[in-house]
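Quick mapping for you: the protein sequence lines, in order, are chains A and B.
If you want this note's numbering, it's the 1-based position in the first sequence plus 182.
If you want this note's numbering, it's the 1-based position in the second sequence plus 182.
Number of protein chains: 2
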Amino acid sequence: MLILAFPDYFKQAQRLANRLDVPLAEIALHHFPDSESLVRLPPSLPEHIIICRSLNQPNDKLIELLLAATTARGLGAKRVTLVAPYLSYMRQDIANQPGEAVSQRIIGKLLASLFDDVLTVDPHLHRISSLDQAIPIKNAISLSATDAMATFLKQQFDEAILLGPDSESEQWAANIASQTGFDYVIANKYRWGDKQVEMRLPEYDYANRPVIIIDDMASTGRTLTKAAGLLQAQGAKTVYAMITHALFCEDAEAHILNGGIKAIWSTDSIDHPSSLIALDSLLAEAIRAIS
Amino acid sequence: MLILAFPDYFKQAQRLANRLDVPLAEIALHHFPDSESLVRLPPSLPEHIIICRSLNQPNDKLIELLLAATTARGLGAKRVTLVAPYLSYMRQDIANQPGEAVSQRIIGKLLASLFDDVLTVDPHLHRISSLDQAIPIKNAISLSATDAMATFLKQQFDEAILLGPDSESEQWAANIASQTGFDYVIANKYRWGDKQVEMRLPEYDYANRPVIIIDDMASTGRTLTKAAGLLQAQGAKTVYAMITHALFCEDAEAHILNGGIKAIWSTDSIDHPSSLIALDSLLAEAIRAIS
């Protein structure tokens, strides 16, 4: 077995390789001035390789995965596993208007055509219940970071309220609540556009208590700051955020920091100063289980 | 038949649709803050659709082509033709180092899996002789803009020297020379990196004559300005450039304009102020031939 990591996931892949005691090599990546990508793998590969990369900012990365996985097969790899802790295109699971591409299924099929196994963490599955409905292969494995998140939160807080900002986040908030013993509540969210979010908090005694907003990702950060504003108006003591995937697009970070959130924590699915929760143990266990 | 154009190729597709007298619709394209693409087609499609877009800055565009072509099939299209006057990834036709992805073949197979026909103009084929070696479908059609270029040049010049800056450009320079009656010469080029180019001009009487550099594309513009500098040192009267594809990456345009080239002309494969040579007639004829 050999772990191959793209440069943007190399640090995390090093932790994973150490934990599995498996050799690691970097995939060499060059971008030409016209934005074409050049990918180079070690020329000699074992039968089973594991390609590691999260798929935030996905289009370049998907084309580079296509280049890497196809080249790996040509170099003799018989089993090619993808470890993509953040998996993109999972939200577009229906045509909201007639004629819209159902990107989840199309990108899922692309991944299914390239890989024998796909491992990811807390994918944003909304109207489907299991990952193999999106990525039609046997080993489409959805892991959850909520155990690691709960452990982290118990070290920081004796008690707190967990807030899921919308119904989709309930799965994660409920899970962390059951492991920490903290209360949890779920808000109602209405999205009018990429950056326009309306929200209503449930009735609850927020006054003078710490609240941790729980979500799978922060993209523009508008959901988090909307929730933080409402919580502060209700007298919450301090507002924190705990997310799986720190996408942080455009001005998201400044927006979050100016929006009344005292600290934000995330997993290392995407490398970021907030990424204090390492996923290597979770991923290593899953890789051992399928190997 | 229906022509579907991505927004970045809509102007040119309008000319093509007018010439063919075929209806045209725009493919709606949205980029989310996290860089995921959303593609929407007209919900009702005829049996044969023609998707139009040049593939410069290719990775986003390739993923969006995958989304569009797959969605078109789901909406009932039986024949899906791609008109991509500029086709990317054609230069990486071998592994220059062991383990390198042969991107031409991998991207070519992706396109072959999505489209029944692929039409392009002056693709950069180096070590292969026909486009279907890169894109393994029957209708992988490589057109040439050299007729249109020759017509344009004859309107501007009574006589001139055509310079191909390297052996790969000889095919286009020779073709234009035979139609204009102008002399042509071919330089020797050595490329040391994306922006490092060495060149030697053949012995020729350049003094006080106009010289037109002929090439299939200008990416960083370094090849053009290197040639222009050498030509001026040899006493050439004025140096022009005529290229098929105006890629113009990063600072290319400023570099070319400051590099001693009086004017640059290109086809409209990529929309640009230099794109004076329209390809609609060439493309329309080819579409009629396969329909």
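Quick reminder that beta carbons are idealized off the backbone N, C-alpha and C, glycines included.
These numbers were taken from a predicted model, which means no experiment stands behind them.
Is the shortest distance between the beta-carbon of residue i and the beta-carbons of chain A less than 8 Å?
{"i": "Tyr477 (chain B)", "result": "Chain B is shown from 183 up to 473; residue 477 (chain B) falls before or after that span and cannot be answered."}
{"i": "Thr402 (chain B)", "result": "yes"}
{"i": "Ser285 (chain B)", "result": "yes"}
{"i": "Gly258 (chain B)", "result": "no"}
{"i": "Glu218 (chain B)", "result": "yes"}
{"i": "Glu282 (chain B)", "result": "yes"}
{"i": "Asp348 (chain B)", "result": "no"}
{"i": "Phe214 (chain B)", "result": "yes"}
{"i": "Thr252 (chain B)", "result": "yes"}
{"i": "Gln378 (chain B)", "result": "no"}
{"i": "Leu186 (chain B)", "result": "no"}
{"i": "Leu247 (chain B)", "result": "no"}
{"i": "Leu293 (chain B)", "result": "no"}
{"i": "Leu477 (chain B)", "result": "Any answer about residue 477 (chain B) is impossible in this case: the structure gives chain B only from 183 up to 473."}
Do we get a CB-CB distance below 8 Å when we pair residue i with the residues of chain B?
{"i": "Asn241 (chain A)", "result": "yes"}
{"i": "Leu223 (chain A)", "result": "yes"}
{"i": "Cys234 (chain A)", "result": "no"}
{"i": "Ile452 (chain A)", "result": "no"}
{"i": "Asp275 (chain A)", "result": "no"}
{"i": "Leu313 (chain A)", "result": "no"}
{"i": "Ile443 (chain A)", "result": "no"}
{"i": "Ile288 (chain A)", "result": "yes"}
{"i": "Asp203 (chain A)", "result": "no"}
{"i": "Glu435 (chain A)", "result": "no"}
{"i": "Glu484 (chain A)", "result": "The structure shown does not extend to residue 484 (chain A), since chain A is modelled only from 183 to 473, so the question has no answer here."}
{"i": "Glu208 (chain A)", "result": "no"}
Does DSSP classify residue i as helix, strand or coil?
{"i": "Ile343 (chain B)", "result": "strand"}
{"i": "Arg222 (chain A)", "result": "strand"}
{"i": "Ile472 (chain B)", "result": "helix"}
{"i": "Met183 (chain A)", "result": "coil"}
{"i": "Leu206 (chain B)", "result": "strand"}
{"i": "Leu257 (chain B)", "result": "coil"}
{"i": "His306 (chain A)", "result": "coil"}
{"i": "Arg373 (chain B)", "result": "strand"}
{"i": "Ile443 (chain B)", "result": "coil"}
{"i": "Asp190 (chain A)", "result": "helix"}
{"i": "Met399 (chain A)", "result": "strand"}
{"i": "Leu476 (chain A)", "result": "Examination of residue 476 (chain A) is not possible in this model, given that chain A is present from 183 through 473 alone."}
{"i": "Thr263 (chain A)", "result": "strand"}
{"i": "Ile368 (chain B)", "result": "strand"}
{"i": "Leu325 (chain B)", "result": "strand"}
{"i": "His437 (chain B)", "result": "helix"}
Compute the distance between the beta-carbons of residue i and residue j, then report whether it is under 8 Å.
{"i": "Ile395 (chain B)", "j": "Ala409 (chain B)", "result": "yes"}
{"i": "Lys154 (chain A)", "j": "Asn390 (chain A)", "result": "Nothing about residue 154 (chain A) can be reported from this structure: the residues present for chain A run from 183 to 473 only."}
{"i": "Asp365 (chain A)", "j": "Leu344 (chain A)", "result": "yes"}
{"i": "Gln361 (chain A)", "j": "Asp329 (chain A)", "result": "yes"}
{"i": "Gly281 (chain A)", "j": "Arg197 (chain B)", "result": "no"}
{"i": "Thr407 (chain B)", "j": "Ile446 (chain B)", "result": "no"}
{"i": "Val300 (chain B)", "j": "Ala332 (chain B)", "result": "no"}
{"i": "Ser401 (chain B)", "j": "Leu429 (chain B)", "result": "yes"}
{"i": "Ala294 (chain B)", "j": "Ile276 (chain B)", "result": "no"}
{"i": "Asp348 (chain B)", "j": "Ala327 (chain B)", "result": "no"}
From this set, the options, which residue's C-alpha is nearest residue i's C-alpha?
{"i": "Ile472 (chain A)", "options": "A:Pro224, A:Leu264, A:Tyr268", "result": "A:Leu264"}
{"i": "Arg273 (chain A)", "options": "A:Asp376, A:Asn357, A:Leu202, A:Arg255", "result": "A:Asp376"}
{"i": "Ile368 (chain B)", "options": "B:Ile452, B:Leu383, B:Ala460", "result": "B:Leu383"}
{"i": "Ala460 (chain A)", "options": "A:Ala355, A:Ala195, A:Asp433, A:Asp340", "result": "A:Ala195"}
{"i": "Met381 (chain A)", "options": "A:Thr362, A:Val393, A:Asp398, A:Thr405", "result": "A:Thr405"}
{"i": "Glu229 (chain A)", "options": "A:Pro267, A:Lys336, A:Ile185, A:Leu464", "result": "A:Ile185"}
{"i": "Phe214 (chain B)", "options": "A:Pro318, A:Gln378, A:Trp447, A:Ala322", "result": "A:Gln378"}
{"i": "Glu218 (chain A)", "options": "B:Leu220, B:Pro240, B:Ala210, B:His212", "result": "B:Pro240"}
{"i": "Ile209 (chain A)", "options": "A:Asn200, A:Leu220, A:Gln353", "result": "A:Leu220"}
{"i": "Asp450 (chain A)", "options": "A:Leu458, A:Ile443, A:Ala423", "result": "A:Leu458"}
{"i": "Leu257 (chain A)", "options": "A:Asp275, A:Pro225, A:Leu269", "result": "A:Pro225"}
{"i": "Tyr271 (chain B)", "options": "B:Arg255, B:Gln338, B:Ala322, B:Leu307", "result": "B:Leu307"}
{"i": "Val284 (chain A)", "options": "A:Ser448, A:Ala316, A:Trp374", "result": "A:Ala316"}
{"i": "Ala259 (chain A)", "options": "A:Asp275, A:Leu227, A:Asn238", "result": "A:Leu227"}
{"i": "Asn278 (chain B)", "options": "B:Ala199, B:Val262, B:Arg309", "result": "B:Arg309"}
{"i": "Leu211 (chain A)", "options": "A:Glu467, A:Ala187, A:Ala359", "result": "A:Ala187"}
{"i": "Ile469 (chain A)", "options": "A:Ala436, A:Asp242, A:Leu325", "result": "A:Leu325"}
{"i": "Gly417 (chain A)", "options": "A:Ile245, A:Asn238, A:Glu385, A:Ala327", "result": "A:Glu385"}
{"i": "Met424 (chain B)", "options": "B:Arg255, B:Cys431, B:Ser351", "result": "B:Ser351"}
Mind checking whether the beta-carbon of residue i lies closer than 7 Å to any heavy atom of the ligand PLP?
{"i": "Pro267 (chain A)", "result": "Looking for the ligand PLP in the displayed structure turns up nothing, as the structure carries no ligands at all."}
Does chain E have any CB closer than 8 Å to the CB of residue i?
{"i": "Asn238 (chain A)", "result": "Although the question refers to chain E, the structure presented lacks it and instead comprises the protein chains A and B."}
Review point. Quick one: any contact between the region 243-250 of chain A and the region 282-290 of chain B, if contact means 3 or more CB pairs under 8 Å?
Key: yes
Check your understanding: Is it a yes or a no for the region 185-204 of chain A touching the region 223-236 of chain A, going by three-plus beta-carbon pairs under 8 Å?
Key -> yes
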